[in-house]
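Participant:
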């Protein structure tokens with residue numbers, strides 16, 4: 035691994051690969067991160083970001099976040115903003131797990147109050163929130179109601195009693211992607227996803243019980259506005275997406291675009307960058323189907339948040355409202371959206387692909403809920419299950435990255451290598467010794483997510499601050515993990 | 154890059170996966186030369202190479218690789234459930250994607266773990282696959298491994314090589 039020699043420092047925490055680094059580049063590649071993070075990126079990150087820079091309609095630059103690593107088509111940690119009239123939409127710029135994202139739920143509980151019941155809590159969460167390969171959810175839906183989910187997202191869930199209006203206000207896009215059209219989704223996708231509402235999934239998906247330590251408070255005032263008020267406070271963070279439904283939507287359209295690419299007259303740079311003109315029938319159909327998958331993920335996280343409240347309420351024998359289990363924010367990191375953005379001094383509507391990157395709206399942005407107008411948007415950066423996670427806030431200087439920032443720690447090691455290095459059972463023992471208790475659906479899956487397989491979340495969070503993408507608010511430490 | 158050449162990143166790390174080297178004897182006319190192995194791919198994914206003397210055997214070996222990524226002791230999978238699938242695509246590599254997608258879909262939508270008992274591939278274009286599948290429902294104490302989301306187009310390749318047939322696939326997990 036080595037950064038290419040053509041990579042030049044632009045300003046603190048920002049590097050640039052000029053046009054000409056790879057054939058066909060229309061705009062430069064901009065890489066965010068400190069020298070150490072950038073040097074540790076796989077060389078394929080730069081090649082893939084440069085390939086993205088060759089796509090028609092790309093505006094300003096192909097962006098690489100500090101936690102980037104090699105993906106397929108786009109790097110994971112890639113951002114591409116397209117002119118919707120001239121540009122393309124690409125499943126490779128979004129990922130198979132469409133609208134995969136994070137939710138943070140704060141509580142009034144103190145760690146001292148929870149600690150004696152942590153094992154019972156983890157057992158109950160693992161039992162009542164299905165996880166792992168092939169898991170089926172606890173919400174039974176027929177095809178018609180599933181189509182309602184696809185149209186309405188988390189709003190469907192709240193209508194069904196899984197949550198309240200405050201949850202929606204504190205969910206990106208109000209919990210619903212407006213362009214969703216179930217007619218653009220295959221019956222196969224519906225059949226695959228219909229039973230999966232309320233499931234965590236597997237891979238790097240998890241639900242964590244975390245604690246705010248005194249040293250983790252970076253900006254106490256903003257943290258307080260986010261509902262993170264004091265050291266010792268218990269919170270719940272979870273990471274999951276649109277499950278098999280989103281995977282099927284992505285698979286269906288990837289094959290469709292591969293079949294149709296020659297007729298679009300677009301250059302085939304790499305086949306995993308298969309794309310369609312955004313304004314073509316195929317491009318619009320994918321956008322509407324992708325929006326359905328985004329809504330499925332929003333409904334999924336809303337249902338899981340509700341189930342988390344139920345589990346806590348049952349364990350403590352109290353009404354959930356008296357436990358203060360309120361959503362801080364729900365934000366995704368694998369999607370494409372039409373957004374109004376400032377570009378070179380004027381507002382434009384752009385189609386922003388974020389794959390392993392999080393939107394981070396600045397203070398004063400009209401799309402923010404009232405509670406966060408002064409602070410900027412909460413950004414949830416999931417670290418490895420051993421090192422904790424970060425809450426960041428959007429900043430006005432983020433305009434240069436289309437208000438995008440990091441999404442996680444970013445892998446540095448393949449799943450295969452991680453499994454070779456430690457057995458899941460041994461990892462669980464080591465983590466328990468350090469006060470992190472795990473319930474895992476699979477030993478292999480647990481080993482694949484070991485902390486050593488990831489970059490430092492501290493370094494990533496700091497790099498976003500130095501580069502002006504977002505700022506640090508609070509570091510949260512894991513004490514319990516339910517691993518998919 | 155020519156589609157007849159292996160892509161960079163595929164030739165390294167062979168045999169590094171604990172599941173590597175498991176043999177698949179299934180597939181029409183596969184014989185002893187049919188196999189698959191997991192190789193190093195992108196950091197968040199699983200990648201494999203499947204080999205055999207014919208396209209049919211490579212498709213069967215690819216199905217066995219997917220099964221080995223999904224479940225422990227895939228060789229002990231039952232055969233109580235049977236399915237027949239017929240698929241058609243304009244290119245052979247698209248047919249391979251569609252084939253793996255069908256098996257992943259059966260796992261999620263129908264809760265079935267399946268292997269190929271008999272495969273025929275006719276080309277093309279269009280390329281057509283007919284397969285008899287046998288397997289068992291998820292459950293029954295069998296330990297599941299990776300939740301494979303999809304077969305990707307990353308480095309996807311299928312063709313003739315070194316006197317046999319070979320397929321290279323990256324699975325998103």
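Protein chains in written order, with this note's numbering: chain Y, 35 to 518; chain R, 154 to 326. Glycine included, each C-beta is placed from N, C-alpha and C at the ideal position. For clarity, every value in this text was computed on a predicted model and none was experimentally measured.
Among the residues of its own chain, which have a CB less than 8 Å from the CB of residue 212 of chain Y, if the five just before and after it don't count?
Facilitator: Reading the first chain from its first residue, position 178 is the one you call residue 212 of chain Y. So the list reads 325, once near-sequence residues are dropped.
Participant: Give a yes or no on whether 9 Å exceeds the smallest Cβ distance from residue 212 of chain R to chain Y.
Facilitator: Start at 1 with the first residue of the second chain, and residue 212 of chain R comes out as number 59. By this cut-off, residue 212 of chain R is not an interface position.
Participant: For residue 40 of chain Y, which residues of its own chain have a beta-carbon under 7 Å away from its beta-carbon, when the five flanking residues on both sides are left out?
Facilitator: Here residue 40 of chain Y refers to the residue found at position 6 when the first chain is read from its first residue. 51, 52, 55.
Participant: Tell me residue 273 of chain R's beta-bridge partners as DSSP assigns them.
Facilitator: In the second chain, the residue the question calls residue 273 of chain R occupies position 120. Residue 273 of chain R is bridged to R/283.
Participant: Out of Y/167, Y/340, Y/179, point me to the one whose CA is closest to residue 296 of chain R's CA.
Facilitator: Position 143 of the second chain, counting from 1, holds the residue named residue 296 of chain R. Minimum Cα distance to residue 296 of chain R is reached at Y/167.
Participant: Can you find a CB in chain R that lies within less than 9 Å of the CB of residue 392 of chain Y?
Facilitator: Here residue 392 of chain Y refers to the residue found at position 358 when the first chain is read from its first residue. No, because no Cβ of chain R sits closer than 9 Å to the Cβ of residue 392 of chain Y.
Participant: In its own chain, which residues sit with a C-beta less than 8 Å from the C-beta of residue 182 of chain R, not counting the 5 before and 5 after it?
Facilitator: Residue 182 of chain R sits at position 29 when you count from the first residue of the second chain. Note that residue 182 of chain R scores a pLDDT of 37, beneath 50, so its modelled location is shaky and nothing firm can be said.
Participant: Look at the alpha carbon of residue 233 of chain R and the alpha carbon of residue 291 of chain R, and state the distance between them as a whole number of angstroms.
Facilitator: In the second chain, the residue the question calls residue 233 of chain R occupies position 80. In the second chain, the residue the question calls residue 291 of chain R occupies position 138. Whole-angstrom Cα-Cα distance: 12 Å.
Participant: Smallest Cα separation from residue 282 of chain R: which of R/235, R/250, R/220, R/228?
Facilitator: The sequence position of residue 282 of chain R within the second chain is 129, counting from 1. Nearest of R/235, R/250, R/220, R/228 to residue 282 of chain R, Cα basis: R/250.
Participant: Excluding five sequence neighbours on each side, which residues of the same chain lie with their C-beta closer than 6 Å to the C-beta of residue 134 of chain Y?
Facilitator: Position 100 of the first chain, counted from the start, is the residue given in the question as residue 134 of chain Y. The residues are 275, 368.
Participant: So, for residue 164 of chain Y: in the same chain, excluding its five sequence neighbours on each side, which residues have a beta-carbon less than 8 Å away from its beta-carbon?
Facilitator: Position 130 of the first chain, counted from the first residue, corresponds to residue 164 of chain Y. Around residue 164 of chain Y: 170, 171, 172, 232, 233, 234.
Participant: When you compare only the Cα positions, how much space is there between residue 150 of chain Y and residue 266 of chain Y?
Facilitator: What you label residue 150 of chain Y is simply residue 116 of the first chain in a count that begins at 1. What you label residue 266 of chain Y is simply residue 232 of the first chain in a count that begins at 1. About 14 Å.
Participant: Which residues in chain R have a C-beta closer than 7 Å to the C-beta of residue 278 of chain Y? List them in chain order.
Facilitator: As a working mapping, residue 278 of chain Y is identified with position 244 in the first chain. Within chain R, the residues near residue 278 of chain Y are 261.
Participant: DSSP three-state label for residue 146 of chain Y, please.
Facilitator: By 1-based counting over the first chain, the position of residue 146 of chain Y is 112. Helix.
Participant: Looking only at C-alpha atoms, which of R/213, R/220, R/245 sits nearest to residue 278 of chain R?
Facilitator: On the second chain, residue 278 of chain R is found 125 positions in, with the first residue counted as 1. Of R/213, R/220, R/245, the residue nearest in Cα terms is R/245.
Participant: With a cut-off of 9 Å, does the C-beta of residue 314 of chain R fall near any C-beta of chain Y?
Facilitator: Locating residue 314 of chain R in the second chain gives position 161, where the first residue counts as 1. Taking Cβ atoms only, chain Y never reaches closer than 9 Å to residue 314 of chain R, which makes this a no.
Participant: From residue 399 of chain Y to residue 316 of chain Y, what distance separates their C-alpha atoms?
Facilitator: For the purposes of this step, residue 399 of chain Y is identified with residue 365 of the first chain, where counting begins at 1. For the purposes of this step, residue 316 of chain Y is identified with residue 282 of the first chain, where counting begins at 1. If I take the Cα positions, the gap works out to 32 Å.
Participant: Which runs of the beta strand (DSSP E) fall wholly inside the stretch 421-447 of chain Y and span at least 3 residues, in chain order?
Facilitator: 423-428, all fully within the stretch 421-447 of chain Y.
Participant: Taking residue 282 of chain Y as the reference, give the member of Y/162, Y/427, Y/99, Y/226 with the closest Cα.
Facilitator: Working through the first chain from its first residue, we reach residue 282 of chain Y at position 248. Closest option to residue 282 of chain Y, Cα to Cα, is Y/226.
Participant: Distance cutoff 9 Å, beta carbons only. Does residue 217 of chain R sit that close to anything in chain Y?
Facilitator: As a position in the second chain, residue 217 of chain R is number 64, starting the count at 1. Not one chain Y Cβ lies under 9 Å of residue 217 of chain R.
Participant: Please report the distance separating the alpha-carbon of residue 216 of chain Y from that of residue 327 of chain Y.
Facilitator: As a working note, residue 216 of chain Y is residue 182 in the first chain. As a working note, residue 327 of chain Y is residue 293 in the first chain. Distance between the alpha carbons of residue 216 of chain Y and residue 327 of chain Y: 9 Å.
Participant: Along the stretch 98-111 of chain Y, what residues have a CB closer than 9 Å to any CB found in chain R?
Facilitator: Answer set for the stretch 98-111 of chain Y: 103, 104, 105, 106, 107, 110.
Participant: Compare the C-alpha of residue 280 of chain Y against each of Y/370, Y/195, Y/131 and name the closest.
Facilitator: Your numbering for residue 280 of chain Y matches position 246 in the first chain. With distances taken between Cα atoms, residue 280 of chain Y lies closest to Y/131.
Participant: So, with DSSP's three-state summary, where would you put residue 19 of chain Y?
Facilitator: Examination of residue 19 of chain Y is not possible in this model, given that chain Y is present from 35 through 518 alone.
Participant: Using CA atoms only, rank isn't needed, just tell me which of Y/57, Y/478, Y/46 is closest to residue 70 of chain Y.
Facilitator: Counted from its first residue, the first chain places residue 70 of chain Y at position 36. For the residues Y/57, Y/478, Y/46, the minimum Cα distance to residue 70 of chain Y belongs to Y/46.
Participant: For residue 473 of chain Y and residue 219 of chain Y, what's the separation of their Cα atoms in angstroms?
Facilitator: In the first chain, counting from the first residue as 1, residue 473 of chain Y sits at position 439. In the first chain, counting from the first residue as 1, residue 219 of chain Y sits at position 185. Distance between the alpha carbons of residue 473 of chain Y and residue 219 of chain Y: 35 Å.
Participant: Tell me whether residue 258 of chain Y sits in a helix, a strand or coil according to DSSP, three-state version.
Facilitator: The residue you call residue 258 of chain Y lines up with position 224 of the first chain. In the structure shown, residue 258 of chain Y sits in a helix (DSSP, three-state: H, G or I).
Participant: If we ignore side chains and look at the alpha-carbon of each, how far apart do residue 387 of chain Y and residue 411 of chain Y end up?
Facilitator: The residue you call residue 387 of chain Y lines up with position 353 of the first chain. The residue you call residue 411 of chain Y lines up with position 377 of the first chain. Near 19 Å, if we compare the C-alpha coordinates of residue 411 of chain Y and residue 387 of chain Y.
Participant: Whole angstroms are fine: how far does the CA of residue 213 of chain R sit from the CA of residue 179 of chain R?
Facilitator: Within the second chain, numbered from 1, the residue matching residue 179 of chain R stands at position 26. Within the second chain, numbered from 1, the residue matching residue 213 of chain R stands at position 60. The predicted position of residue 179 of chain R is uncertain, since its pLDDT is 38 and thus under 50; a value taken from the coordinates is nonetheless stated next. Looking at the two C-alpha atoms, the distance is approximately 6 Å.
Participant: Here's a check: name, in chain order, each residue in its chain whose Cβ is nearer than 7 Å to the Cβ of residue 83 of chain Y, leaving out the five neighbours to either side.
Facilitator: Here residue 83 of chain Y corresponds to residue number 49 of the first chain, with the count starting at 1. So the list reads 63, 96, 98, 109, 112, once near-sequence residues are dropped.
Participant: Please identify, using Cβ separations under 9 Å, the residues of the stretch 214-245 of chain R that lie next to chain Y, in order along the chain.
Facilitator: From the stretch 214-245 of chain R, only 223, 224, 225, 242, 243, 244 have a Cβ closer than 9 Å to chain Y.
Participant: Round the Cβ separation of residue 517 of chain Y and residue 483 of chain Y to the nearest angstrom and send it over; I've been treating them as touching at under 8 Å.
Facilitator: As a working mapping, residue 517 of chain Y is identified with position 483 in the first chain. As a working mapping, residue 483 of chain Y is identified with position 449 in the first chain. Yes, they are in contact, since the Cβ atoms of residue 517 of chain Y and residue 483 of chain Y sit about 7 Å apart, within 8 Å.
Participant: Run down chain R in chain order and give the residues with a C-beta less than 7 Å from the C-beta of residue 404 of chain Y.
Facilitator: Here residue 404 of chain Y corresponds to residue number 370 of the first chain, with the count starting at 1. Within chain R, no residue comes near residue 404 of chain Y; the closest Cβ sits about 37 Å away, beyond 7 Å.
Participant: Find the residues of chain Y that neighbour residue 193 of chain R, judging by a C-beta separation of less than 9 Å, and give them in chain order.
Facilitator: Stepping through the second chain from its first residue, residue 193 of chain R is reached at position 40. Neighbours of residue 193 of chain R on chain Y, chain order: 448, 450, 451.
Participant: Using alpha carbons as the reference points, say which of Y/511, Y/405, Y/390, Y/424 lies closest to residue 128 of chain Y.
Facilitator: What you label residue 128 of chain Y is simply residue 94 of the first chain in a count that begins at 1. Per the Cα distances, Y/390.
Participant: If residue 286 of chain R and residue 268 of chain R are in contact, beta carbons under 8 Å, what's the gap, nearest whole angstrom?
Facilitator: Stepping through the second chain from its first residue, residue 286 of chain R is reached at position 133. Stepping through the second chain from its first residue, residue 268 of chain R is reached at position 115. Yes, residue 286 of chain R and residue 268 of chain R are in contact; Cβ-Cβ is about 7 Å, under 8 Å.
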